[in-house]
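Asks: Right, I'll just put the structure down here and ask away after.
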Amino acid sequence: MARFLIRRILNMIPLLIGITFLSFLVMSMVPGNFLSNLKMNPAISPQLIKEMEAQFGLNQPLLVRYWKWLWAVLHLNLGTSLAFNVSVTSLIGSRAVNTIILSAASMLFAWAIAIPIGIVVAVNQNSIWDRILSFVAFFGMSVPNFFLAFLVMYFAMKVNSPYLPVGGTYSVDYAQLDWMSQIGDRINHLILPVFVLGIAGMASLMRLMRSQILEIKNSDFVRTARAKGLSERVVIYKHVLRNALNPFVTMAGYGLADLLGGAALVEAVMNLQGLGLLLLNAVRSLDIYLVMGSVLMGAVLLLLGNLLADIALVMVDPRVDFSSMDSQ
Amino acid sequence: MSAAPQLRIPLEMASPTNRGASFSGLRREWRLASWPVRFSTFCLLLFYLLAIASPIIAPYDPTYQNRRLPDCPPMALHLAAPSEWSHAFFFAYPMTMIDPEARKFAEDRSTKTWVHLFSYGHLFATEPGAPPFFLMGSEGLGRDLFSRIVYGSRVSMFVGLIGVTISFGLGITIGALSGYVGGLLDNLIMRWSEIEMSLPSFYFLLALAAIIPSGMSAVATFFMIVAIMSFISWAGFARIIRGMAASVRSVPFVEAARALGGSRWRVLTRHVMPSVLGYAIVAATLSIPGFILGESALSLLGLGIQEPASSWGNLLAQAEDVQNLAHYPWILIPGVFIFLAVMSFNFLGDHLRDRLDPSNRR
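Line by line, the protein sequences are chains A and B. In this text, residue positions in the first sequence follow my numbering: the first is 5, and each later residue adds one. In this text, residue positions in the second sequence follow my numbering: the first is -18, and each later residue adds one.
Printed below as a string of structure tokens:
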């Protein structure tokens, strides 16, 4: 186990270097930079611009800048945000936590609904419920996150309930609340975005669950279990379900990229203070170190998620062993 | 952009019996399709028609601003009484603003705006100079939303087709080459694609969108977006195709082709590629929604197609203002179009998979 973990983590290093270099390359291709806006401003002297250029290292060649950035990152310093003039680490930290909370909650929501529905639908294959719910799942898979977010916001405005605030991470008077109400406030603000993100994930998970169970239902060991005289309940829950859950663990890892992307969109539309919105604003203002920091953070979240999924898969499925995963 | 499906080589896909583009073949396909698939086909044909014939279908210039009719709600189309059929078959009551502050409109029942079919070079149009007829309302600057949606369909409907062509062309060539040649080249390509695949794709898409210069024309921006999204998504295809090509290498018919003295290129293009084509078609159809959604998202966030050009995504940008959303809900209509297009491609791709791969049928 330990060897496997170490190898996987060491494998991440070249990946992260590649990812960050690619992003750095991209950001250097951007026409103009953060300072070109300031240059337009006649109130700022060319002298000051020169100083800032030197300070942020914007006039050095790409490789030098990348190396300097990488060196700083190794010392856990993600650089300074050009627009906010504070360290990128401090900006990203709290935002990343918000994004993780949002993503994790949506995933739990999606699983909590998709698995039972998937079971019911697969056990009653071709019943009217199967048809209706499969159709609804297709619907959920196809509705764009941002569109659903708009619809939900419209609905929330019509309902106008204090428990369904429209957008934002917390209320205006958040700072004055006691900690219990603060948590309640945060949860209220999470309901709509979690619903929006959960629906999309739920739909594809439900379809996966259904096809998994249908496949396993006809396998030999299930027939054996039935022949032994086990009750249908035991057959479904102990034999079929246990085996059907494996791909879910893998899906959880690979679905993370989509989840992060979806979360970024929903954050932008619903104005949630997450990593995605931070990145969007950084891209808009060409705040290169903030962009790099956010992309790096996203990549780390993604790789860690995949790693966790692999570990979970090994724990859930005794057939998977570490040596086979090493070679992949 | 999503997870790679499980590898299974559907060699039966390549069998010649599955090919058939004749008319009788099409009719048979239609009979076999379920009603959602038929509906999807209909939707897609309609949307492509909108895209190709937009100047005819759109009743108005999509950039013309009716300054006195901003945020006007959709108007009802009325059937004219038979005695009025010498004018036109349809009419609408023009809208006037009764409260400029709240942008409230009321129908003016005293006059009628005649809606003529197949006249003035449009599918339907009002007389020049007459008050406009807004089928789906107007947006903040008084531009006709329906006309903007029709012109916007050009972006949304072609971004998928062109994007898939590029990223698939790249993916299939690189993947087949990598899998068939193997060795160092294979190793290099796969490491590179690994990097691309472990990128948080939407984050990277946002970062890449910053490359697009703000002053670019709509067409140039469109192609930049397509190029960017293809750049992000080719790696996934390449890996899958590579896996298939690598396993196809040892399949008897490929060995036979090689034993008969077929050159590498010939074996690759005549034997390896056709055998993975069936899979490729399905994967291509299922990846089009990703392109449509990507473009819409970028344009919605103001990083894609810029005003005054329209795309379904940037039309939705107005709804980002909560007040607009609350008072003028018809600005969400472009979202319905995105949804229908995405759903149609999903249904169609699913159906194609069932049709092309018999082992998948349940």
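We put the beta carbon where it would ideally sit given N, CA and C, even for glycine. All values reported here derive from a predicted model rather than from experimental measurement.
Are the region 20 to 33 of chain B and the region 88 to 100 of chain B touching by the rule of at least three beta carbon pairs closer than 8 Å?
Replies: Touching, no.
Asks: Could you tell me the distance, in whole angstroms, from the CA atom of V229 (chain B) to the CA atom of A219 (chain B)?
Replies: Numbered from its first residue, the second sequence carries residue 229 (chain B) at position 248. Numbered from its first residue, the second sequence carries residue 219 (chain B) at position 238. The alpha-carbon atoms of V229 (chain B) and A219 (chain B) are separated by roughly 15 Å.
Asks: Looking at G243 (chain B) and G160 (chain B), is the spacing between their C-beta atoms short of 8 Å?
Replies: Position 179 of the second sequence, counting from 1, holds the residue named residue 160 (chain B). Position 262 of the second sequence, counting from 1, holds the residue named residue 243 (chain B). Against a cut-off of 8 Å, the Cβ pair of G243 (chain B) and G160 (chain B) comes out as no contact.
Asks: Using C-beta distances below 6 Å, list every residue in its chain close to M145 (chain A), excluding the 5 sequence neighbours before and after it, in chain order.
Replies: If you number the first sequence from 1, residue 145 (chain A) lands on position 141. Only A207 and S208 meet the Cβ criterion.
Asks: Count the other CB atoms within 10 Å of the CB of D331 (chain B); is the residue buried (16 or more) or exposed (fewer)?
Replies: Taking the first residue of the second sequence as position 1, residue 331 (chain B) is located at position 350. The residue in question, D331 (chain B), is buried, as its Cβ has 16 or more Cβ neighbours within 10 Å.
Asks: Go to I23 (chain A), then tell me how far its alpha helix (DSSP H) extends in each direction, as first and last residue.
Replies: Position 19 of the first sequence, counted from the start, is the residue given in the question as residue 23 (chain A). Looking at the DSSP string, the run of the alpha helix (DSSP H) that includes I23 (chain A) is A6 to M33.
Asks: Touching or not, the region 115 to 133 of chain B and the region 310 to 322 of chain B, by the rule of three or more beta carbon pairs under 8 Å?
Replies: The region 115 to 133 of chain B vs the region 310 to 322 of chain B: in contact.
Asks: What is the C-beta distance between G280 (chain A) and L269 (chain A), in whole angstroms, given that I count them as a contact (C-beta under 8 Å)?
Replies: If you number the first sequence from 1, residue 280 (chain A) lands on position 276. If you number the first sequence from 1, residue 269 (chain A) lands on position 265. Right, the Cβ-Cβ distance comes to about 7 Å (below 8 Å), so this counts as a contact.
Asks: Cβ of G316 (chain B) less than 8 Å from any chain A Cβ?
Replies: Here residue 316 (chain B) is taken as the residue at index 335 of the second sequence, counted from 1. Yes, G316 (chain B) lies at the interface with chain A (some Cβ there is under 8 Å from its Cβ).
Asks: Reducing DSSP to helix, strand and coil, say where A73 (chain B) ends up.
Replies: Taking the first residue of the second sequence as 1, we reach residue 73 (chain B) at position 92. The answer is strand: DSSP assigns A73 (chain B) an E or B state.
Asks: Are the CB atoms of N295 (chain B) and E301 (chain B) nearer to each other than 8 Å?
Replies: As a working note, residue 295 (chain B) is residue 314 in the second sequence. As a working note, residue 301 (chain B) is residue 320 in the second sequence. Not a contact, by the Cβ cut-off of 8 Å.
Asks: Do the region 92 to 99 of chain A and the region 283 to 302 of chain A touch if we need at least three Cβ pairs shorter than 8 Å?
Replies: Yes: at least three Cβ pairs fall under 8 Å.
Asks: Hey, how far is the Cα of D314 (chain A) from the Cα of K54 (chain A)?
Replies: Taking the first sequence and counting its residues from 1, the one referred to as residue 314 (chain A) is at position 310. Taking the first sequence and counting its residues from 1, the one referred to as residue 54 (chain A) is at position 50. For D314 (chain A) and K54 (chain A), the distance between alpha carbons rounds to 49 Å.
Asks: Return the residue from the list B:A61, B:M78 and B:P54 that minimises the CA-CA distance to F70 (chain B).
Replies: Translated into positions along the second sequence, residue 70 (chain B) becomes position 89. With distances taken between Cα atoms, F70 (chain B) lies closest to B:A61.
Asks: Could you check which residue in A:P169, A:M111 and A:M184 has the C-alpha nearest to that of V253 (chain A)?
Replies: By 1-based counting over the first sequence, the position of residue 253 (chain A) is 249. Taking only the C-alpha atoms, the option nearest V253 (chain A) is A:M111.
Asks: Identify each residue in the region 19 to 35 of chain B for which the Cβ-Cβ distance to at least one residue of chain A is less than 8 Å, and report them in chain order.
Replies: Those would be none; no residue qualifies.
Asks: Could you confirm whether any beta carbon from chain A is found closer than 8 Å to the beta carbon of S137 (chain B)?
Replies: As a position in the second sequence, residue 137 (chain B) is number 156, starting the count at 1. Closer than 8 Å: no.
Asks: Between the Cα of P197 (chain A) and the Cα atoms of A:Q216, A:Y174 and A:P35, which residue gives the shortest distance?
Replies: Indexing the first sequence from 1 puts residue 197 (chain A) at position 193. Closest option to P197 (chain A), Cα to Cα, is A:Y174.
Asks: At least one CB of chain B closer than 8 Å to the CB of P35 (chain A): is that the case?
Replies: Translated into positions along the first sequence, residue 35 (chain A) becomes position 31. Chain B contact via Cβ: present.
Asks: According to DSSP, T94 (chain B) sits in a beta bridge with which residue or residues?
Replies: Taking the second sequence and counting its residues from 1, the one referred to as residue 94 (chain B) is at position 113. Beta-bridge pairing links T94 (chain B) to B:A73.
Asks: Would P35 (chain A) pass as a contact of P109 (chain B) if the rule is Cβ separation under 8 Å?
Replies: Residue mapping note: residue 35 (chain A) aligns to position 31 of the first sequence, counting from 1. Residue mapping note: residue 109 (chain B) aligns to position 128 of the second sequence, counting from 1. No, Cβ-Cβ distance for P35 (chain A) and P109 (chain B) is not below 8 Å.
Asks: Check M345 (chain B) in the structure and name its three-state DSSP category.
Replies: In the structure displayed, chain B extends from -18 to 343; residue 345 (chain B) sits before or after that span and is not available.
Asks: Under 7 Å between beta-carbons, which chain B residues line up against V101 (chain A)? List them in chain order, please.
Replies: The count along the first sequence starts at 1 and reaches residue 101 (chain A) at position 97. Near V101 (chain A) there are no residues of chain B at all, since even the closest Cβ is about 17 Å away, more than 7 Å.
Asks: Of the residues B:S128, B:L13, B:G144 and B:S15, which one's Cα is nearest the Cα of A32 (chain B)?
Replies: Stepping through the second sequence from its first residue, residue 32 (chain B) is reached at position 51. The shortest C-alpha separation from A32 (chain B) is found at B:S128.
Asks: Please name the residue, chosen from A:V273, A:S85, A:I104 and A:R214, that lies closest to M296 (chain A) on a Cα-to-Cα basis.
Replies: Residue mapping note: residue 296 (chain A) aligns to position 292 of the first sequence, counting from 1. Nearest option by C-alpha distance: A:S85.
Asks: Assuming W215 (chain B) contacts G152 (chain B) (C-beta within less than 8 Å), just tell me the rounded distance between them.
Replies: Along the second sequence, one-based indexing puts residue 215 (chain B) at 234. Along the second sequence, one-based indexing puts residue 152 (chain B) at 171. Going by Cβ atoms, the distance from W215 (chain B) to G152 (chain B) rounds to 4 Å, so yes, they are a contact pair.
Asks: Considering only the beta carbon of each residue, do D89 (chain B) and T77 (chain B) sit closer than 8 Å?
Replies: By 1-based counting over the second sequence, the position of residue 89 (chain B) is 108. By 1-based counting over the second sequence, the position of residue 77 (chain B) is 96. In contact: D89 (chain B) and T77 (chain B) (Cβ atoms closer than 8 Å).
Asks: Apart from the five residues on each side of it in sequence, which residues of its chain come closer than 6 Å, Cβ to Cβ, to S(-4) (chain B)?
Replies: Translated into the one-based positions of the second sequence, residue -4 (chain B) becomes position 15. For S(-4) (chain B), the pLDDT reaches just 43, beneath the cut-off of 50, and the residue's location in the model is therefore unreliable, leaving the point undetermined.
Asks: Under 8 Å: do the region 48 to 63 of chain B and the region 133 to 144 of chain B share three or more Cβ pairs, one atom per stretch?
Replies: Flag = no, the region 48 to 63 of chain B and the region 133 to 144 of chain B do not touch.
Asks: Which one of B:S182, B:T44 and B:L333 has the shortest CA to CA distance from R124 (chain B)?
Replies: On the second sequence, position 143 is the one that residue 124 (chain B) refers to. It is B:T44 whose Cα lies nearest to the Cα of R124 (chain B).
Asks: For the structure I just gave you, are there three or more beta carbon pairs, one from the region 124 to 135 of chain A and one from the region 273 to 285 of chain B, closer than 8 Å?
Replies: The region 124 to 135 of chain A is not in contact with the region 273 to 285 of chain B.
Asks: Excluding sequence positions up to five away, which residues of its chain have a Cβ less than 7 Å from the Cβ of M161 (chain A)?
Replies: Looking up residue 161 (chain A) in the first sequence gives position 157. Excluding positions up to five away in sequence, the list reads V170.
Asks: Name the residues in the region 302 to 313 of chain B whose C-beta lies less than 7 Å from a C-beta of chain A; which are they?
Replies: Cβ contacts with chain A: V303, L306, A307, P310 and L313.
Asks: In terms of residue numbering, what span does the alpha helix (DSSP H) encompassing F320 (chain B) cover?
Replies: Numbered from 1 along the second sequence, position 339 holds the residue referred to as residue 320 (chain B). Unbroken alpha helix (DSSP H) run through F320 (chain B): I314 to L337.
Asks: The alpha helix (DSSP H) spanning F139 (chain A) covers which residue range?
Replies: Here residue 139 (chain A) refers to the residue found at position 135 when the first sequence is read from its first residue. Looking at the DSSP string, the run of the alpha helix (DSSP H) that includes F139 (chain A) is I132 to S146.
Asks: Give a yes or no on whether 8 Å exceeds the smallest Cβ distance from P181 (chain B) to chain A.
Replies: The count along the second sequence starts at 1 and reaches residue 181 (chain B) at position 200. By this cut-off, P181 (chain B) is an interface position.
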